[in-house]
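In what follows, a structure is listed as structure tokens, so that the remarks can point back to it.
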Amino acid sequence: MSDRIDVRSQLLRGDPFAAEGSLSSGDVHRIRRLVFDAPPVLADRRAPRTFAIVIGVVIASLAVVLLQRPSPSSSGRPAQRSSEDDQFSVGTVPSTAPGLTLPQVKKRVDPKYTLAAMRVRLEGDVMVDAVISVDGLVLRTRISKEKAKNPLHSLAPDPPDIVEQIAALEFEAQKAIEQWIFEPAAQYGSPVTVLVTQAVTFKIH
476 MSDRIDVRSQ
486 LLRGDPFAAE
496 GSLSSGDVHR
506 IRRLVFDAPP
516 VLADRRAPRT
526 FAIVIGVVIA
536 SLAVVLLQRP
546 SPSSSGRPAQ
556 RSSEDDQFSV
566 GTVPSTAPGL
576 TLPQVKKRVD
586 PKYTLAAMRV
596 RLEGDVMVDA
606 VISVDGLVLR
616 TRISKEKAKN
626 PLHSLAPDPP
636 DIVEQIAALE
646 FEAQKAIEQW
656 IFEPAAQYGS
666 PVTVLVTQAV
676 TFKIH
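Residue numbering for the sequence shown follows this note's numbering, starting at 476 and increasing by one per position.
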């Protein structure tokens with residue numbers, strides 16, 4: 476059997492160039508053509524140098540295809556969100572760390588209830604992430620990815636679009652928590668900066 480037939484059978488047997496789904500079917504097709512449509516000289520065992528050159532071209536082509544493919548983490552929202560998470564929590568001790576005593580609220584400021592939210596009878600909880608310093612002050616906040624047990628909802632019988640009203644209450648919730656004062660967290664008796672999640676409740680009276 477010729478060298479050309481050996482390469483063809485190896486490629487057909489295991490698709491070594493398509494391992495782990497790194498290449499599309501089009502990529503594999505193009506690489507197969509480089510081998511299958513090679514000049515007849517490949518069939519001649521007396522030309523090993525030419526055979527090696529063609530195989531080198533195939534490998535180089537594969538490398539170019541792989542290098543041109545963007546990695547999943549090079550773009551897209553998941554990677555961006557991960558980077559934002561790292562920046563937000565930098566310098567903090569995880570709330571699940573051993574020996575940690577969570578911060579306790581010493582001074583609470585109620586959020587402002589906007590008129591627009593009251594008109595549509597919007598109530599419920601807003602979950603806010605807050606970084607609490609060793610002094611018990613709030614360094615920064617953001618709306619949490621954690622879902623509230625009682626999320627904001629309208630009690631009106633036929634509520635209109637409430638997206639803007641929800642966004643306004645989320646903003647007010649963050650403003651309120653930024654004014655809270657805490658008994659700072661401690662780990663094994665020493666004050667530490669920690670990231671916690673607080674629920675801010677809006678309720679129609």
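No residue lacks a Cβ here, since even glycine has one placed at the ideal position from N, Cα and C.
Could you round the C-beta distance between alanine 623 and aspartate 600 to whole angstroms and report it? I think they count as a contact, below 8 Å.
4 Å
Which same chain residues end up closer than 6 Å to glutamate 598 when comparing Cβ atoms and leaving out the 5 residues on each side of it in sequence?
Phe677, Lys678, Ile679
With DSSP run on the structure shown, which of helix, strand or coil describes aspartate 561?
helix
Return yes when the C-beta of glycine 611 is under 7 Å from any heavy atom of the ligand SAH, and no when it is not.
Absent from the structure shown: the ligand SAH. Ligands present: none.
Do the segment 632-645 and the segment 566-575 touch if we need at least three Cβ pairs shorter than 8 Å?
no
For isoleucine 647, count the other beta carbons within 10 Å of its own beta carbon; 16 or more makes it buried, fewer makes it exposed. Which is it?
Here the sequence assigns glutamate to residue 647, which means isoleucine is not the residue at that position. By the neighbour-count rule (16 or more Cβ atoms within 10 Å), glutamate 647 is buried.
Beta strand (DSSP E) segment containing alanine 648, residue limits:
Careful: alanine 648 lies outside any beta strand (DSSP E), inside the alpha helix (DSSP H) at 638-652.
According to the neighbour-count rule (16 or more other Cβ atoms, all chains shown, within 10 Å of its Cβ), is aspartate 610 buried or exposed?
exposed
Option nearest proline 659 by Cα separation, candidates Ile652, Ser619, Ala643, Pro578:
Pro578
Within 8 Å, strictly: CB atoms of methionine 602 and glutamate 621:
yes
Hey, valine 669 and proline 586: beta-carbon distance below 8 Å or not?
no
Roughly how many whole angstroms lie between the Cα atoms of valine 671 and proline 626?
Each residue's Cα considered, the two are about 18 Å apart.
Answer yes or no: do valine 606 and arginine 615 have a C-beta to C-beta separation smaller than 8 Å?
yes
Which residues share a DSSP beta bridge with isoleucine 618?
DSSP lists Val603 as the beta-bridge partner residues of isoleucine 618.
Quick one: measure Cβ to Cβ for alanine 642 and alanine 591, integer angstroms, because I've assumed they're closer than 8 Å.
Between alanine 591 and alanine 642 the Cβ distance is about 10 Å, and since that is not below 8 Å, they are no contact.
If we ignore side chains and look at the alpha-carbon of each, how far apart do valine 667 and lysine 582 end up?
19 Å
Relative to the C-alpha of serine 564, which candidate in Asp604, Ser665, Ala572, Ile534 has its C-alpha closest?
If you compare the alpha carbons of Asp604, Ser665, Ala572, Ile534 with that of serine 564, the shortest gap goes to Asp604.
Thinking C-alpha only, which one of Ser619, Leu612, His628 is nearest glutamate 653?
If we check each option's Cα against that of glutamate 653, Leu612 comes out closest.
Below 8 Å between beta carbons: does that hold for alanine 651 and valine 580?
Pairing alanine 651 with valine 580 gives a Cβ-Cβ distance that is not under 8 Å.
Specify the secondary structure class of phenylalanine 677 as computed by DSSP and reduced to three states.
strand
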